[in-house]
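Visitor: Below you will find the structure I want to go over with you.
2 protein chains.
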Amino acid sequence: MDITKKNSQNIKEILRDQISRQLLLPLQKIPSERELSELFSLTRISVKSALHSLEVEGLIYRENRRGWFVSPPRIEYNPLSRGHFHQMISDQQRVAKTLLLNVKSMVAPSAIATTLKLSKPTPIHIIERLRYIDGRAVLFVENCLISQYFPDILSEDLSQSLTELYAKKYGFRNSCSHFDFIPTSAPEHVIHALNMHPGQQVLKICRVNYNQHNNIIDCEFEYWRPDAVMVSINNRE
Amino acid sequence: MDITKKNSQNIKEILRDQISRQLLLPLQKIPSERELSELFSLTRISVKSALHSLEVEGLIYRENRRGWFVSPPRIEYNPLSRGHFHQMISDQQRVAKTLLLNVKSMVAPSAIATTLKLSKPTPIHIIERLRYIDGRAVLFVENCLISQYFPDILSEDLSQSLTELYAKKYGFRNSCSHFDFIPTSAPEHVIHALNMHPGQQVLKICRVNYNQHNNIIDCEFEYWRPDAVMVSINNRE
DNA sequence: GAGTGGTCTAGACCACGTC
DNA sequence: ACGTGGTCTAGACCACTCG
Numbered sequence: 022m023d024i025t026k027k028n029s030q031n032i033k034e035i036l037r038d039q040i041s042r043q044l045l046l047p048l049q050k051i052p053s054e055r056e057l058s059e060l061f062s063l064t065r066i067s068v069k070s071a072l073h074s075l076e077v078e079g080l081i082y083r084e085n086r087r088g089w090f091v092s093p094p095r096i097e098y099n100p101l102s103r104g105h106f107h108q109m110i111s112d113q114q115r116v117a118k119t120l121l122l123n124v125k126s127m128v129a130p131s132a133i134a135t136t137l138k139l140s141k142p143t144p145i146h147i148i149e150r151l152r153y154i155d156g157r158a159v160l161f162v163e164n165c166l167i168s169q170y171f172p173d174i175l176s177e178d179l180s181q182s183l184t185e186l187y188a189k190k191y192g193f194r195n196s197c198s199h200f201d202f203i204p205t206s207a208p209e210h211v212i213h214a215l216n217m218h219p220g221q222q223v224l225k226i227c228r229v230n231y232n233q234h235n236n237i238i239d240c241e242f243e244y245w246r247p248d249a250v251m252v253s254i255n256n257r258e
Numbered sequence: 022m023d024i025t026k027k028n029s030q031n032i033k034e035i036l037r038d039q040i041s042r043q044l045l046l047p048l049q050k051i052p053s054e055r056e057l058s059e060l061f062s063l064t065r066i067s068v069k070s071a072l073h074s075l076e077v078e079g080l081i082y083r084e085n086r087r088g089w090f091v092s093p094p095r096i097e098y099n100p101l102s103r104g105h106f107h108q109m110i111s112d113q114q115r116v117a118k119t120l121l122l123n124v125k126s127m128v129a130p131s132a133i134a135t136t137l138k139l140s141k142p143t144p145i146h147i148i149e150r151l152r153y154i155d156g157r158a159v160l161f162v163e164n165c166l167i168s169q170y171f172p173d174i175l176s177e178d179l180s181q182s183l184t185e186l187y188a189k190k191y192g193f194r195n196s197c198s199h200f201d202f203i204p205t206s207a208p209e210h211v212i213h214a215l216n217m218h219p220g221q222q223v224l225k226i227c228r229v230n231y232n233q234h235n236n237i238i239d240c241e242f243e244y245w246r247p248d249a250v251m252v253s254i255n256n257r258e
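Here the protein sequences come in this chain order: Z and P. For the first sequence, our numbering gives the first residue as 22, with consecutive numbering after it. For the second sequence, our numbering gives the first residue as 22, with consecutive numbering after it.
Right, dumping it as structure tokens:
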């Protein structure tokens, strides 16, 4: 009876249902907004709003101007475990890939200087990388290294695990890290690298690393597609 | 020149600016969508989309059909620290309040049975509470207690800290907890209690608690307004 | 060039909150 | 009773992706 009333609920239920029955599979494309609006006799604005709400739930995601797709299961991210990215992903029977985007050297701008607790102008390297799971770009990572601790690091292969490189090349062990997890939106260059659109939500993770002498040696900003991840922590006392 | 082109960027910048200059203060109401659409010569749909993107960023929030408001600073939530809710909030110079909404007793439904690792039908109590910071409802909490561990608990004051009550009345110490943090949307009754609208994002936290004998005694589902909180963790090794 | 989502207009009615 | 956001129509053009 109320079919005309709550059409946008309708389309949400049907898509949710098709996803849970696996008629639509992870990474698969959903029919276009125009097709859906014909199918359900809705305007594109209404369709868009329904899709948007499934996106927030984490069931589907967007690639900018490419279309809507079904989200794969979330990765469990455990900040207290030692493994690095590729190991974490393969432990969960998924395929990881890392792409080096960009390397910059500069004096730390004020936001980063604050995070690294620098009291005077200090040279840093910024390493920008893009990480894929099962071929999908889900994570943009920006590492900010205090240059003096890492002489000659730019000549290394920077698509490998940096934590491992720190240990092998410089003998640094991670004695302590601080993490912040913030649901927010991402800066322009991140949005672009992830094929997202300004105004979409990400999970931002700020991490500050201390070596065995309790010096801050670098910090890391991670921006995750919010449907791709959940944070999992075990607190033993 | 491009004023007609990117109006929705315009309104975003101006509101962002007014918020950062504190011309608009936390908890203060923003002019209505209709007023803004006149001010900026935009349709309400465009205004709504601009507001929505500031909402995702965490700068403003909505109360269902009441209007848009400026977000106060985020609370830092540290899952590894022992303090309970009221202490955590007052440590950050903010004012906490807890409201008991509802108490139910039932056999654990399957989703909760899974979380509590129950192998057979088991009676539980569900305690639903709403938590306020500075007068704003930001957190819906659902505690699921395995009844056999907590005889007669329903006669206690359930708006106090449950962790403390567990210790005082039953001698339980928390030996270990497991946390999951998930950006997603919330069930109907949660949305309603938080004055939110279906399809809005929340930060969902699932917590499972073990006592000193390593038994799971309860679990907790928290749903936070996503602009109200950041998760903060220190990992000492 | 065809198809996609992103943005936009100029209205309308509804459901709910507030007074 | 009035103001608020929530939903919706029926179009349009733009920016980008893909083959």
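Glycine included, each C-beta is placed from N, C-alpha and C at the ideal position. Keep in mind it's a predicted model, so treat the numbers as computed, not measured.
Distance, Cα to Cα, P/Ile-24 vs P/Arg-150?
Guide: Translated into positions along the second sequence, residue 24 of chain P becomes position 3. Translated into positions along the second sequence, residue 150 of chain P becomes position 129. Low per-residue confidence applies at P/Ile-24: pLDDT is 31, beneath 50, and the placement is therefore not dependable enough to give any value.
Visitor: Is DSSP giving P/Lys-26 helix, strand or coil here?
Guide: What you label residue 26 of chain P is simply residue 5 of the second sequence in a count that begins at 1. Reliability of the predicted coordinates at P/Lys-26 is poor, the pLDDT of 38 falling under 50, and no value is obtained from them.
Visitor: Determine, using beta-carbon pairs with one atom in the stretch 174-192 of chain P and one in the stretch 225-243 of chain Z, whether at least three such pairs fall under 8 Å.
Guide: no
Visitor: Who are Z/His-199's beta bridge partners in DSSP?
Guide: Translated into positions along the first sequence, residue 199 of chain Z becomes position 178. Partner(s): Z/Val-229, P/Asn-255.
Visitor: So Z/Asn-232 and Z/Ser-196 are supposed to be a Cβ contact under 8 Å. How far apart are they, rounded?
Guide: For the purposes of this step, residue 232 of chain Z is taken as residue 211 along the first sequence, with counting starting at 1. For the purposes of this step, residue 196 of chain Z is taken as residue 175 along the first sequence, with counting starting at 1. Indeed, because the Cβ distance is near 6 Å, the residues count as touching under 8 Å.
Visitor: Which residues bound the beta strand (DSSP E) around Z/Val-162?
Guide: Start at 1 with the first residue of the first sequence, and residue 162 of chain Z comes out as number 141. Unbroken beta strand (DSSP E) run through Z/Val-162: 157-167.
Visitor: Are the C-beta of P/Asn-256 and some C-beta of chain Z separated by less than 8 Å?
Guide: As a working mapping, residue 256 of chain P is identified with position 235 in the second sequence. By this cut-off, P/Asn-256 is an interface position.
Visitor: Which stretch, first to last residue, makes up the beta strand (DSSP E) that contains Z/Lys-125?
Guide: One-based indexing of the first sequence puts residue 125 of chain Z at position 104. Run containing Z/Lys-125: 117-128, per the beta strand (DSSP E) assignment.
Visitor: Expressed to the nearest angstrom, what Euclidean distance is found between the alpha-carbon atoms of P/Ser-92 and P/Gln-221?
Guide: To locate residue 92 of chain P, count along the second sequence from 1; it is residue 71. To locate residue 221 of chain P, count along the second sequence from 1; it is residue 200. Answer to the nearest angstrom: the Cα atoms are 15 Å apart.
Visitor: If you measure beta-carbon to beta-carbon, which residues of the stretch 206-231 of chain Z are closer than 8 Å to chain P?
Guide: Flagged, chain order: Ser-206, Pro-219, Gly-220, Gln-221, Gln-222, Leu-224.
Visitor: Name the chain Z residues whose beta carbon is nearer than 7 Å to that of P/Leu-101?
Guide: Within the second sequence, the letter at position 80 stands for residue 101 of chain P. Residues of chain Z passing the Cβ test: Asn-256.
Visitor: Do you know how far the Cα of Z/Asp-38 is from the Cα of Z/Gly-79?
Guide: Counting from 1 along the first sequence, the entry for residue 79 of chain Z is found at position 58. Counting from 1 along the first sequence, the entry for residue 38 of chain Z is found at position 17. Roughly 14 Å separates the two Cα atoms.
Visitor: What is the C-beta distance between Z/Phe-202 and Z/Leu-224, in whole angstroms, given that I count them as a contact (C-beta under 8 Å)?
Guide: Within the first sequence, the letter at position 181 stands for residue 202 of chain Z. Within the first sequence, the letter at position 203 stands for residue 224 of chain Z. 7 Å between Cβ atoms; contact.
Visitor: Looking at the strands, I want to know which residues DSSP matches up with P/Asp-173.
Guide: As a working note, residue 173 of chain P is residue 152 in the second sequence. None; P/Asp-173 has no bridge partner.
Visitor: With Z/Asp-178 as the anchor, note down where its alpha helix (DSSP H) starts and where it stops.
Guide: Mapped onto the first sequence, residue 178 of chain Z falls at position 157. Taken as a continuous stretch (DSSP letters only), Z/Asp-178 belongs to no alpha helix (DSSP H), as it is neither H nor E.
Visitor: Would the stretch 182-193 of chain P and the stretch 207-215 of chain P be scored as touching if the rule is three or more Cβ pairs under 8 Å?
Guide: no
Visitor: Can you pull the chain Z neighbours of P/Cys-197, defined as C-beta to C-beta under 9 Å?
Guide: To locate residue 197 of chain P, count along the second sequence from 1; it is residue 176. The contacting residues are Asn-255, Asn-256, Arg-257, Glu-258.
Visitor: Throw me the rounded Cβ distance for the P/Ile-148 and P/Val-124 pair, which I believe falls under 8 Å.
Guide: Position 127 of the second sequence holds residue 148 of chain P. Position 103 of the second sequence holds residue 124 of chain P. Confirmed, Cβ separation roughly 5 Å.
Visitor: Taking CB distances under 8 Å as the criterion, tell me whether P/Ser-92 reaches chain Z.
Guide: Residue 92 of chain P sits at position 71 when you count from the first residue of the second sequence. Interface flag for P/Ser-92 against chain Z is unset, since no Cβ pair is found closer than 8 Å.
Visitor: Report the residues of the stretch 56-80 of chain P with a CB closer than 8 Å to any CB of chain Z, ordered along the chain.
Guide: Ile-66, Ser-70, His-73, Ser-74, Val-77, Glu-78, Gly-79
Visitor: At a Cβ cut of 8 Å, what residues of the stretch 154-177 of chain P count as close to chain Z, listed as they run along the chain?
Guide: none
Visitor: In chain P, what lies closer than 7 Å to Z/Asp-112 by C-beta?
Guide: To locate residue 112 of chain Z, count along the first sequence from 1; it is residue 91. Here the premise fails: no neighbours, minimum Cβ distance about 17 Å.
Visitor: Would P/Ser-206 and Z/Val-77 qualify as a contact pair, given that the criterion is a beta-carbon distance under 8 Å?
Guide: Taking the first residue of the second sequence as 1, we reach residue 206 of chain P at position 185. Taking the first residue of the first sequence as 1, we reach residue 77 of chain Z at position 56. In this structure, the beta-carbon distance from P/Ser-206 to Z/Val-77 falls below 8 Å.
Visitor: Quick check on the burial criterion: 16 or more other C-beta atoms within 10 angstroms. Buried or exposed for P/Pro-204?
Guide: The residue given as residue 204 of chain P occupies position 183 in the second sequence. That one is buried.
Visitor: Less than 8 Å between C-beta atoms, sequence neighbours within five positions excluded: which residues of the same chain meet that for P/Asn-255?
Guide: Counting from 1 along the second sequence, the entry for residue 255 of chain P is found at position 234. Counting only Cβ-Cβ distances below 8 Å, and skipping sequence neighbours, we find Asn-99, Leu-101.
Visitor: Does P/Phe-200 come within less than 8 Å of chain Z when only Cβ atoms are used?
Guide: Position 179 of the second sequence, counted from the first residue, corresponds to residue 200 of chain P. Taking Cβ atoms only, chain Z reaches closer than 8 Å to P/Phe-200, which makes this a yes.
Visitor: Pull up the DSSP beta-bridge partners for Z/Ile-154, would you.
Guide: What you label residue 154 of chain Z is simply residue 133 of the first sequence in a count that begins at 1. Answer is Z/Ala-117, Z/Arg-157.
Visitor: Give the secondary structure of P/Asp-248 by DSSP, where H, G and I count as helix, E and B as strand, and everything else as coil.
Guide: Indexing the second sequence from 1 puts residue 248 of chain P at position 227. The answer is coil: DSSP assigns P/Asp-248 none of H, G, I, E or B.
Visitor: Going along chain Z, which residues have a C-beta under 7 Å from P/Ile-203?
Guide: Taking the first residue of the second sequence as 1, we reach residue 203 of chain P at position 182. One finds Met-251 in chain Z with Cβ atoms closer than 7 Å to the Cβ of P/Ile-203, taken in chain order.
Visitor: Are the CB atoms of P/Lys-50 and P/Gly-88 within a distance shorter than 8 Å?
Guide: Numbered from 1 along the second sequence, position 67 holds the residue referred to as residue 88 of chain P. Numbered from 1 along the second sequence, position 29 holds the residue referred to as residue 50 of chain P. Yes, Cβ-Cβ distance for P/Gly-88 and P/Lys-50 is below 8 Å.
Visitor: List, in order along the chain, the chain P residues whose C-beta lies closer than 7 Å to that of Z/Pro-247?
Guide: Position 226 of the first sequence holds residue 247 of chain Z. The contacting residues are Pro-204.
Visitor: Is the shortest distance between the beta-carbon of P/Asp-23 and the beta-carbons of chain Z less than 8 Å?
Guide: To locate residue 23 of chain P, count along the second sequence from 1; it is residue 2. At P/Asp-23 the pLDDT is 30, less than 50, meaning the model places this residue with poor confidence and gives no usable figure here.
Visitor: Taking a contact to mean a Cβ-Cβ separation below 8 Å, would you say P/Val-68 touches P/Ile-32 in this structure?
Guide: By one-based count along the second sequence, residue 68 of chain P stands at place 47. By one-based count along the second sequence, residue 32 of chain P stands at place 11. It is a contact, given that the beta carbons lie within the stated cut-off.
Visitor: What first and last residue would you give for the beta strand (DSSP E) that runs through P/Ile-212?
Guide: Along the second sequence, read from residue 1 onward, the residue named residue 212 of chain P stands at position 191. First-last for P/Ile-212: 209-214, but that is the alpha helix (DSSP H), not the beta strand (DSSP E).
Visitor: Is it buried or exposed for P/Pro-291, if we count other Cβ within 10 angstroms and need 16 for buried?
Guide: Absent from the model: residue 291 of chain P. The displayed extent of chain P is 22 to 258, so no value can be given.
Visitor: Count the other C-beta atoms from every protein chain shown that fall within 10 angstroms of the C-beta of P/Leu-120, then say buried if there are 16 or more, exposed otherwise.
Guide: For the purposes of this step, residue 120 of chain P is taken as the residue at position 99 of the second sequence. P/Leu-120 should be labelled exposed.
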